[in-house]
Structures are given as C-alpha cells and as structure tokens.
Amino acid sequence: MFKHRLIALILLIVAAGVGYFVYSTEVPRIPSSVATSTPATASRFAFKLGLDLNGGSHLVYQADISKVAAGDVAVSMDALRDVIEKRVNLFGVSEPLVQVESGGVGSTISQKLVVELPGVTDIQKAIDLIGKTPLLEFKLARQTTLPGTTTPQVIFQETGITGRLVQRAQVAFDQTTGSPYVQLNFNSEGKDLFAKLTREHVGEVLAIFLDNQPISLPVIQEEIRDGQAQISGGFTPQEAKLLVRDLNYGALPVPIELVSTQKVGASLGEDALKGGVKAGWISFLVIAAFLILWYRFPGFLAVIALAVYVAIILALFKLIPVTLTAAGIAGFILSIGMAVDANILIFERMKEEFRKGGQSVDAVIREGFSRAWLSIRDSNLSSIITAVILYWFSNASVVKGFALIFAIGVLVSMFTAITVTRTLLLAVSHKNHEGAMKFLFGSGATNS
Amino acid sequence: MFVVQHRKFFYILSAVLVVLSIVAVAVHGLNFGIDFKGGSLLEITYTDVRPDMQTVKDAVTSVVEGEPSVRPIGENGYVIRMKSISETERQSLIAKLGEGGQKFTEERFDSIGPLLGKESARKSLISIVLVLVMIILFIAFAFRKVSEPVSSWKYGVIAVIALAHDVFIPTGVFALLGNLNPTIEIDTLFVTALLVILGFSVHDTIVVFDRVRENLRIHKNQPFEQTVGESISQTFTRSINTSLTVVLSLVVLYFVGGAATHNFTLALLIGIIAGTYSSIFLGSPLLVTMEKWQSRKK
Numbered sequence: 003m004f005k006h007r008l009i010a011l012i013l014l015i016v017a018a019g020v021g022y023f024v025y026s027t028e029v030p031r032i033p034s035s036v037a038t039s040t041p042a043t044a045s046r047f048a049f050k051l052g053l054d055l056n057g058g059s060h061l062v063y064q065a066d067i068s069k070v071a072a073g074d075v076a077v078s079m080d081a082l083r084d085v086i087e088k089r090v091n092l093f094g095v096s097e098p099l100v101q102v103e104s105g106g107v108g109s110t111i112s113q114k115l116v117v118e119l120p121g122v123t124d125i126q127k128a129i130d131l132i133g134k135t136p137l138l139e140f141k142l143a144r145q146t147t148l149p150g151t152t153t154p155q156v157i158f159q160e161t162g163i164t165g166r167l168v169q170r171a172q173v174a175f176d177q178t179t180g181s182p183y184v185q186l187n188f189n190s191e192g193k194d195l196f197a198k199l200t201r202e203h204v205g206e207v208l209a210i211f212l213d214n215q216p217i218s219l220p221v222i223q224e225e226i227r228d229g230q231a232q233i234s235g236g237f238t239p240q241e242a243k244l245l246v247r248d249l250n251y252g253a254l255p256v257p258i259e260l261v262s263t264q265k266v267g268a269s270l271g272e273d274a275l276k277g278g279v280k281a282g283w284i285s286f287l288v289i290a291a292f293l294i295l296w297y298r299f300p301g302f303l304a305v306i307a308l309a310v311y312v313a314i315i316l317a318l319f320k321l322i323p324v325t326l327t328a329a330g331i332a333g334f335i336l337s338i339g340m341a342v343d344a345n346i347l348i349f350e351r352m353k354e355e356f357r358k359g360g361q362s363v364d365a366v367i368r369e370g371f372s373r374a375w376l377s378i379r380d381s382n383l384s385s386i387i388t389a390v391i392l393y394w395f396s397n398a399s400v401v402k403g404f405a406l407i408f409a410i411g412v413l414v415s416m417f418t419a420i421t422v423t424r425t426l427l428l429a430v431s432h433k434n435h436e437g438a439m440k441f442l443f444g445s446g447a448t449n450s
Numbered sequence: 002m003f004v005v006q007h008r009k010f011f012y013i014l015s016a017v018l019v020v021l022s023i024v025a026v027a028v029h030g031l032n033f034g035i036d037f038k039g040g041s042l043l044e045i046t047y048t049d050v051r052p053d054m055q056t057v058k059d060a061v062t063s064v065v066e067g068e069p070s071v072r073p074i075g076e077n078g079y080v081i082r083m084k085s086i087s088e089t090e091r092q093s094l095i096a097k098l099g100e101g102g103q104k105f106t107e108e109r110f111d112s113i114g115p116l117l118g119k120e121s122a123r124k125s126l127i128s129i130v131l132v133l134v135m136i137i138l139f140i141a142f143a144f145r146k147v148s149e150p151v152s153s154w155k156y157g158v159i160a161v162i163a164l165a166h167d168v169f170i171p172t173g174v175f176a177l178l179g180n181l182n183p184t185i186e187i188d189t190l191f192v193t194a195l196l197v198i199l200g201f202s203v204h205d206t207i208v209v210f211d212r213v214r215e216n217l218r219i220h221k222n223q224p225f226e227q228t229v230g231e232s233i234s235q236t237f238t239r240s241i242n243t244s245l246t247v248v249l250s251l252v253v254l255y256f257v258g259g260a261a262t263h264n265f266t267l268a269l270l271i272g273i274i275a276g277t278y279s280s281i282f283l284g285s286p287l288l289v290t291m292e293k294w295q296s297r298k299k
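Chains as they are written, first to last, in this note's numbering: chain A, 3 to 450; chain B, 2 to 299.
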C-alpha cells in the first residue's frame, strides 16, 4: 500500500521531469518566412521536422552500377555519397542529408542516392552541381610570386592526366616494413603520359584532385615508365583505403540520374505542422473526456497514464532523434487512440470481476490486469510485426517515419498502460473505504 | 449470442460489400498517385484571384505533352498533375504560367520517374502479402496450444479472411471516390493506411480469439457455438470502445489535420470501421462455421 504510493509518486515526478524536458528544449518557433536557417538558439534536442513540415527539397538519384564489379558496389556508392555530400555542403544548407539506399533482391538490387536540402526550394543550381560527373585530376604544384605581391604562392598546373587514364588503385603493404602504400596503375595511354611527366618533374609535388579538392600530395621520386606508381608516406591502413576508394571512384565514376524531385514550400509545411499539432491536442482532450465519462475514476488514472505516454514519446522523438513528418504525426495521433486500448481491456476485465462480487478492490485490480495481459501481449505483437515489415520493406521515407513512430508508440504504450496505470490504481485503492472505492471504480452506463 | 445465431446475415452483408468493392475496382479501376505510376505534381497558390481553370490548363498543355489534370485547391490555388517532367521543363512551365501577369507561389513540386514508381508499387504489394503471411504464422503460433475443436492454423486462416475483407472495402471505396475526385488517389500513404488497418484489425480479432481460447479452458463441455458467443459478448464493449477512441482521434485528424494526411485519414477511418465489424461479426462466427463443417465431415 505505502510502497505503491511511493512508487506512484516517483513515477509521477519522473514523468513530470520528462515533460519539462520536452517543453524546455523547444524554442518558440519563428515563422520560417522570417528565419533563414535554424536559429542559433535552438536546443540540440528540438524536434527534427521533415521536409514536408519545414519546407525543402528531396531528390532521389538512381546510380548506374552496371559497370562496377559486384564486390565494389558498396565502396563506390560510399565514395559517391562523399563526393555528393561535399558538393551539397558548398550550399551552406543547415543539416543536409545525403544517403545511399539499396533496395530490391538478387540481381534487381538498385542503388539510390537520396539528397535532402532543408529550406532550399530553388534547386536548379543544386541539381546542376550534384549531377556533374566527378573529376579526378593530377596537377603539378608550382610556386610562383604573383605580380604585385611578395609572398610566394602555390598554384596548380594542369597536366592533362585525369581519372580517364587511371586503370585501378589498390592498397598494398611493404614487404619489409609492413606499412601500407597505395598502388596506382595507369592504362596504356596513361602510361606514356605519366612516364613523360615524371621524367620531367622529378622532385616536384604531383597533387591529386577529386572534384577540385586535393586528396593526396605525393612527391615524384623518379621516372615511372611502366605506369605503376606507388604512393607511400606514413599512411595508416585506414587512410590508404580511403585514398584508394577516392582514386577508384575518380577512375570509374558512377553515373547518376535524377529520378524523383520533391519540393515543399515553407508555408505549406507550416500549415501541415499547425494542423497536426492542433489535431493532436483535440484528440487527446476528446479521448480523455471519453475515458473519464465512461470509466470514471480509473478512466481519470488512464488519462494520467496517457499523459505520461505522450511525455515519454515526445522525449524519445527528441532523443533518438526521430524526424517528424505529416504522416508521422498522424501515426502518433493514431497511437494515442491505440494506447488507450490496453487500459480499456483491463478496465473491462475489472468490471467483470466486480460483477462476480466477493472480492476486495485490490484483488479485482490484480485479477483484471493478469487476465488482460495475454490479449494485450498477443495483439501488440501483431502490431509490432506490421511496423517492422513497414519499416524494413518500404523505400519511401514517409512510410519509414510512420512505421518507426508506430512501433515506438506500441512499445511505450504497453509500458504506460500496464505499469503506470497499475501502480496508480494500487496506490489509490484503500481497504477501509470499500464502498466509496466501488462507487469510484464502477461505471454507470455499462452493460452491468 | 445474436451474432453467432444470425451469422448468415452478417456473412451476406460482408460478401455484398466485398463484391461491390471488387466491382468498383473492376469498373473504375484504381486511380494511382504519381508515386506509383510516375509523373509530376505542381501545386501553386495565386496571391490575388486565380485565373480560370482552362487558362491554366492551356498554359500547361503548351509546355508539357499529354493531358494534364488541373484541380482547384483551397481559396486561390491549383494542383496540376502531368507526366513526369524534368527540372528544365518545370522552369519553362513556371515561366509560362507567369505570363498572364498574376503572381503565384510554388507550394509543392513532386516528380517521380516511371521506373521508381513501378518499384514502389511492387514493394507495396510485397509488403501487404508479407504482413498477411506473417500474421497467419503468428496466430498459428500464439494459439498453438488450442487444437480442439478447431486447430490453431485455422484461426490464422480465418483472421486473414477477415483481413482481406478489411482491405477490399477501403480499396473499393477509394476506387469509387477516385473516379469522382481525382485527388483521392492510391499512393504510398494509402498502402501505409492499409497496412495499419491490417495491424489494427488483427489486434481486434486476436482479442476475441484470445477470449475464446480462455473460455475453452474454463468450460470444457459446452458446445463450441456457445463458447464463441459468450466470448464475443464479453469482448464486445471493449472492441467498440477501443475502436471508438481510435475513430475519434481519426475524425479529429480528418477535420483539423493538414491536407497532406486527409486521404490517409479517410482510408484509415473506413478500414478501421470495417476491421472492427469483421472481428466481431465475421472472424469469430467463422470459427463456428468451420467447426460445423468439420463435424459434418466426420
């Protein structure tokens, strides 16, 4: 009795703390027509809003991997992602997302690249830049003093050697020292050009650029006639691997094709967000009213459990973090309705036990819970199966977001509807006031 | 219990609804959204008064091939659906629409290539089938200790019959509505709604089956028909109340939530009502029918 009250009190304090965390980490939303980017004051735990709520662009590219050996697909897709990410970063967009999605089974596996640009709706430039084939270039470093200045500067002079002439790069290990180096092979056309270049520029730096970004600055040690260059120089195996990946990617870039564009203007997103939040509040109030009217006192406790549910879910959205979309918010509101189900099952069981008579309130509560448990377990498991399949199988980010929220909702609601409601019920049940308790726990308008 | 006694009536009602849905799909076909068939969608809102629909349609036709669909949205906007267009085509379309002098803002632009659309459609179909199969397996497993008088895998099969019913009806309604209003489409969100309906409906059906399982243990010598009837009446209030809370939140979402989830909520509403109906009036009475068939064979 006393123990239950103590646990109940602790539960409520913790839940209030969680609720305060949700509230305090949310800065007042500045209309996106005013704010140019995420305000600097925004907490790092602020809700993450999807493009459909915040405005922005979502681009899907299909990668043509027909020329890439099956074993190299993952590596070249990673390289592609890094290259595109660097290009996207040039835009200064806050939190752009670039990710690889592979879908399908067996030979039909397709590789896609998803680019999300929050807040950007003028995407012509972005599309032009992203779609460009990446360029691997070898340039000679030259020190010159520009006219009018005294400090010497390094400029890079083009050599005509590009990724087109590279056959393959791979990591190798020195026989004696065991340290890693990068083996770079040129094709027959590249071999002669490279031999001439290395003969004439021994001792100079031959910089390697991918997409105008230097990725390696080796020094030419000697003339290389056979088109087999080695880049050594204190690499860790990891660094060597990364360089090889970039070199190979530059040698055989994966062509990409834009297959889907989605853009949402800021005002449309704002309307969707407002609608979702308002719908959430109203449904909560309507369900609370229904529970209290129908189940009276236990109903009231179920509403508290539901409030705890909402606080925990919102905190999880912030901590995981889950990107909220219009469909995600709909899933959350649906889960509020479903979270009540476990309580309804339990209360209906309790009412049956009351009708049998001859039991104390305490015993009725325990009986109601233990009998409802099997139904709750089996039915929620089937919901989780659905959520897992949705998450796993869908290629639309909208659906993935919905499934994640739905699954979290089902799991958390099992905890709140069972543990929280049970603790609260046991905490308030009192042996000395059986009559009053029976009134509070009964409900008038049922089939009793 | 009247549900079990008059089960033929409920079977006929369900059968009629399912047949009507199939007819609706056969006659009108499904109005697929651009995410399944590929295509582009442009939503614009005019600052002042919007020009009439034909003007906009003509402007679109002059730039983009094929027959576009132009629908008014809100007070001052249009939604234009057309074949999949590239970024360059989109820009010339925007320029063309601006020639009339009216100012407008581009609210939304979606473009999905036909290949991607086909892939999404295939995946959606696979996921629905996968959910159905997993549910049969799960129910057969959860009820593995129940074998008399109806074996556990039959519970699974019956649950799936009830689920098929819940999927057919919203699809039929959407085929019908899609014919009247082209903005009501079969898209990714509709498939998501179907999957949620599957999850919810099986949840409901399991609660009744679970009660049957429990009552079978308590009353060993009672006719099966009576046990099922009792189980339905014991879970009746719960089924209605749970569905009521979910339906309440969906109704709120339908009227207050944004336009983006309008059709999604509608599909859920229809499906969840069908799902509640099927778990009470179709699933459990089918258990009785199944048992009667078995005893007749013996």
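Note that the Cβ used here is the ideal one computed from N, Cα and C, for glycine as well.
{"query": "Beta carbon of L18(B) nearer than 8 Å to that of I159(B)", "result": "no"}
{"query": "G114(B) and I23(B) closer than 8 Å at C-beta", "result": "no"}
{"query": "Span of the beta strand (DSSP E), counted from its first residue to its last, around N187(A)", "result": "182 to 188"}
{"query": "Euclidean distance between Cα positions of N216(B) and L260(A)", "result": "59 Å"}
{"query": "From S93(B), D211(B), M54(B), V61(B), residue whose alpha carbon lies closest to that of N77(B)", "result": "M54(B)"}
{"query": "Bounding residues of the beta strand (DSSP E) (the contiguous stretch that carries P73(B))", "result": "70 to 74"}
{"query": "From S104(A), E191(A), R7(A), R424(A), residue whose alpha carbon lies closest to that of A76(A)", "result": "S104(A)"}
{"query": "Close-in-space but distant-in-sequence residues of the same chain around D205(B) (CB under 7 Å, 5 per side omitted)", "result": "S240, G276, T277, S280"}
{"query": "First and last residue of the uninterrupted alpha helix (DSSP H) at V422(A)", "result": "Where V422(A) is concerned, there is no enclosing alpha helix (DSSP H), given that its DSSP letter is neither H nor E."}
{"query": "Integer Cβ distance of A341(A) from G411(A), believed to fall under 8 Å", "result": "7 Å"}
{"query": "Euclidean distance between Cα positions of I140(B) and L21(B)", "result": "29 Å"}
{"query": "Sequence-distant residues of the same chain with beta carbon closer than 8 Å to L318(A), five excluded per side", "result": "V324, I410, V414"}
{"query": "Proximity of S296(B) and V213(B) at Cβ, strictly below 8 Å", "result": "no"}
{"query": "CB contact flag (I378(A), L347(A), <8 Å)", "result": "yes"}
{"query": "Cα-Cα separation, T262(B) to P183(B)", "result": "16 Å"}
{"query": "Nearest-angstrom Cα separation, counted from E118(A) out to A231(A)", "result": "39 Å"}
{"query": "Backbone secondary structure at Q361(A) - three-state DSSP", "result": "coil"}
{"query": "Beta-carbon gap between A291(A) and V422(A) smaller than 8 Å", "result": "no"}
{"query": "Per-residue contacts from R204(B) into chain A (C-beta, under 7 Å)", "result": "The identity of residue 204(B) in the sequence shown is His, whereas the question assumes Arg. By Cβ distance, chain A contributes S381, S384, S385."}
{"query": "Residue(s) in a DSSP beta bridge with I113(B)", "result": "S262(A), G40(B)"}
{"query": "Simplified DSSP assignment, three categories, for F33(B)", "result": "strand"}
{"query": "Per DSSP, the bridge partner or partners of K243(A)", "result": "None; K243(A) has no bridge partner."}
{"query": "Partners in chain B for W296(A), counting only beta-carbon separations shorter than 8 Å", "result": "N242"}
{"query": "Interface residues of the stretch 123 to 157 of chain A facing chain B [CB-CB below 9 Å]", "result": "T123, I125, Q126, I129, D130"}
{"query": "V305(A) to L14(A) span [Cα, whole Å]", "result": "13 Å"}
{"query": "As assigned by DSSP and simplified to three states, the class of T418(A)", "result": "helix"}
{"query": "Contact set between D211(B) and chain A, taken where Cβ atoms lie within less than 7 Å", "result": "L376, S377, D380"}
{"query": "Chain-ordered residues of the stretch 329 to 340 of chain A with a beta carbon less than 7 Å from chain B", "result": "A329, A332, I335, L336, I338, G339, M340"}
{"query": "Below-8 Å beta-carbon distance, Q103(B) vs any chain A residue", "result": "no"}
{"query": "Contact check, S285(A) vs I338(A), beta carbons under 8 Å", "result": "yes"}
{"query": "C-beta contact flag for Q169(A) and Q185(A) at 8 Å", "result": "no"}
{"query": "Residues bridged to H60(A) (per DSSP)", "result": "E118(A), Q264(A)"}
{"query": "Boundaries (first-last residue) of the beta strand (DSSP E) holding E139(A)", "result": "138 to 146"}
{"query": "Bridge partners - P216(A), DSSP secondary structure assignment", "result": "F211(A)"}
{"query": "Interface flag, R82(B) vs chain A, CB-CB below 8 Å", "result": "no"}
{"query": "In DSSP terms, what Q101(A) is bridged to", "result": "V116(A)"}
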